[in-house]
Amino acid sequence: MKKSLEFIGVIEACGLLDLGFNGPRFTWSNQRGINSRIWKRLDRAMVNDRWLQDIPHTNITHLPSVGSDHCPFLMEIQARPHDYIKYFRFLNYWADQPSFTDTVTRCWERPIEGQPIWIFHQKMKRLASTLSTWSKEQFGDIYAKVKDFEERVKVAEETLIHNNTEE
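Using this note's numbering, you'd call the opening residue of the sequence shown number 5 and step up by one each time.
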């Protein structure tokens, strides 16, 4: 109990506030059988006044606890329209696909004029765009598939929590 009071004192001394959350109520489970399972909200996203002034639109979502006894958090910060940049992500499993090498080769071999660093930069931009299009054609929207899977896990976890609590 003394440690808990000390922790609360530190939170107050630092002026930290809990951001709240969306998603499942609990962030931790002891992973035991249904009759002896314990659920708690142990984890919290806390910020100070400066954070709230500089980044007022911050949302925390508790994600499903896949492979852990704690739920990961997703922190979403509402960006200003001019701050948004869409980054390219290379997915390792692409390299194992039969058409990957040919796609990269065809894209890379198309000529570009200019200084070597300019040529390299332009080829990388073109390759990122080509691979993004190729991935959507080959696999569909994989990010939507991941979100769908996470939603299914969340529903299953919420059902398990609901069936294991007295509420």
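C-beta: ideal position from N, C-alpha, C; glycine also.
May I have the straight-line CA-CA distance separating residue i from residue j, to the nearest angstrom?
{"i": "Tyr91", "j": "Ile81", "result": "16 Å"}
{"i": "Ser33", "j": "Trp43", "result": "5 Å"}
{"i": "Phe77", "j": "Gly118", "result": "46 Å"}
{"i": "Gly19", "j": "Asp73", "result": "29 Å"}
{"i": "Asn39", "j": "Gly71", "result": "21 Å"}
{"i": "His166", "j": "Leu21", "result": "28 Å"}
{"i": "His125", "j": "Asp58", "result": "34 Å"}
{"i": "Ser133", "j": "Leu95", "result": "14 Å"}
{"i": "Val51", "j": "Ile12", "result": "14 Å"}
{"i": "Glu16", "j": "Phe30", "result": "23 Å"}
{"i": "Pro60", "j": "Thr109", "result": "46 Å"}
{"i": "Asp145", "j": "Val14", "result": "45 Å"}
{"i": "Gly37", "j": "Lys158", "result": "19 Å"}
{"i": "Leu131", "j": "Ile121", "result": "15 Å"}
{"i": "Leu56", "j": "Ile89", "result": "23 Å"}
Can you say whether residue i is buried or exposed, counting buried as having 16 or more other CB atoms within 10 angstroms of its CB?
{"i": "Leu135", "result": "buried"}
{"i": "Pro115", "result": "exposed"}
{"i": "Ser8", "result": "exposed"}
{"i": "Thr107", "result": "buried"}
{"i": "Pro68", "result": "buried"}
{"i": "Glu10", "result": "exposed"}
{"i": "Gly129", "result": "The sequence shown places Lys at residue 129, rather than the Gly named in the question. Answer is exposed; the Cβ neighbour count stays below 16."}
{"i": "Glu141", "result": "exposed"}
Would residue i and residue j qualify as a contact pair, given that the criterion is a beta-carbon distance under 9 Å?
{"i": "Trp112", "j": "Ser139", "result": "no"}
{"i": "Met79", "j": "Ala49", "result": "yes"}
{"i": "Arg45", "j": "Asn168", "result": "no"}
{"i": "Asp53", "j": "Cys75", "result": "no"}
* Asked: If you pair each beta-carbon of the segment 22-36 with each one of the segment 140-154, do three or more pairs fall below 8 Å?
  -> By the Cβ rule, the segment 22-36 does not count as touching the segment 140-154, because fewer than three pairs are nearer than 8 Å.
* Inspect the CB distances between the segment 99-110 and the segment 62-77 and report whether three or more fall short of 8 Å. => By the C-beta criterion, the segment 99-110 is judged not to be in contact with the segment 62-77, since fewer than 3 inter-stretch pairs fall below 8 Å.
* To do: List in chain order: all unbroken beta strand (DSSP E) runs of 3+ residues lying wholly within the segment 79-117.
  => Secondary structure remark: continuous beta strand (DSSP E) runs of at least 3 residues inside the segment 79-117: none found.
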